[in-house]
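J.:
Numbering (our numbering), first residue to last: 63 to 294.
1. Below 8 Å, can you find three or more Cβ-Cβ pairs linking the segment 254 to 268 to the segment 154 to 162?
2. For the alpha helix (DSSP H) containing residue 83, name the first residue and the last one.
3. Secondary structure at residue 143, three-state DSSP: helix, strand or coil?
4. Write down the C-beta distance between residue 245 and residue 270 rounded to the nearest angstrom, noting that I regard them as a contact closer than 8 Å.
5. Quick one: is residue 198 buried, meaning 16 or more other Cβ sit within 10 Å of its Cβ, or exposed?
6. For residue 124 and residue 204, I'd like the C-alpha separation in whole angstroms.
7. Is the Cβ-Cβ distance between residue 74 and residue 112 less than 8 Å?
8. Please go through the segment 190 to 244 and give each complete alpha helix (DSSP H) segment of 4 or more residues, from N-terminal end onward.
9. By alpha-carbon positions, which one of 157, 120 and 107 ends up nearest to residue 130?
10. Provide the residue(s) that pair with residue 299 in DSSP beta bridges, ordered along the chain.
11. How would you write the range of the beta strand (DSSP E) that residue 92 sits in, first residue to last?
12. Which residues mark the beginning and the end of the alpha helix (DSSP H) in which residue 106 is found?
13. Using a Cβ-Cβ cutoff of less than 6 Å, which residues in the same chain neighbour residue 210 once the five nearest sequence positions on both sides are dropped?
14. In terms of DSSP beta bridges, what is residue 179 paired with?
15. Touching or not, the segment 79 to 97 and the segment 130 to 146, by the rule of three or more beta carbon pairs under 8 Å?
16. For residue 266, which of helix, strand or coil comes out of DSSP?
17. Rounded to a whole number of angstroms, what is the C-alpha to C-alpha distance between residue 156 and residue 226?
18. With a Cβ-Cβ cutoff of 8 Å, do residue 104 and residue 69 count as a contact?
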């Protein structure tokens with residue numbers, strides 16, 4: 063079943079990518095939500111499309127999306143779609159290719175299928191539990207670097223300068239910061255980078271799809287305390 067769900071997710075996010083590309087020139091209307099975070103008409107249009115395609119195909123699954131009012135019924139569903147129509151909206155409105163459309167299936171708190179799609183770079187990361195992770199159809203694997211020195215890291219300066227790491231300086235590293243945390247994790251899953259760190263507040267929809275992708279690629283994802291993440 064996870065492989066069938068992964069195929070469904072891939073089809074849906076690729077279709078949603080058509081909408082994203084249409085508005086990626088900065089033409090989408092934008093406003094701020096009550097929490098101050100940005101949202102655009104593209105976010106909402108993609109959210110509607112994903113809901114129609116995914117829930118239409120799996121009406122017994124629950125639904126959790128950044129852009130949909132939460133429905134407590136998802137808590138009693140065996141499987142739940144967890145969706146972020148555009149992860150990295152700030153990059154999206156600036157026309158930068160650092161955002162992604164994310165969709166996952168979570169079962170008993172664990173993502174079992176996921177899709178992270180960057181419609182501007184045409185990178186589509188897909189994974190299903192027990193079936194590996196793929197980038198545009200090709201099996202992909204995370205790196206297994208054991209030292210920080212010389213690694214390729216995805217993290218913001220704010221994160222790296224946080225006092226929680228102690229006083230010792232970071233070793234020499236290559237550091238970049240694409241806006242989308244899901245896209246960052248997917249880049250680790252395909253071996254383009256060695257690690258990604260964030261201390262920013264995250265939600266289920268930010269991480270669920272990338273979680274299963276990096277794990278199926280042989281990587282690891284955890285909380286700051288090293289604990290596995292639990293969803294829904």
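Ideal Cβ positions, reconstructed from N, Cα and C, are used throughout, including at glycine. Keep in mind it's a predicted model, so treat the numbers as computed, not measured.
T.: Once the coordinates are examined:
1. no
2. 64 to 85
3. strand
4. At roughly 14 Å, the Cβ-Cβ gap does not stay under 8 Å, so residue 245 and residue 270 are not in contact.
5. exposed
6. 30 Å
7. yes
8. 219 to 222
9. 107
10. Here the chain has residues from 63 to 294 only, and residue 299 is not among them.
11. 92 to 94
12. 103 to 119
13. 233
14. 163 and 186
15. no
16. helix
17. 32 Å
18. no
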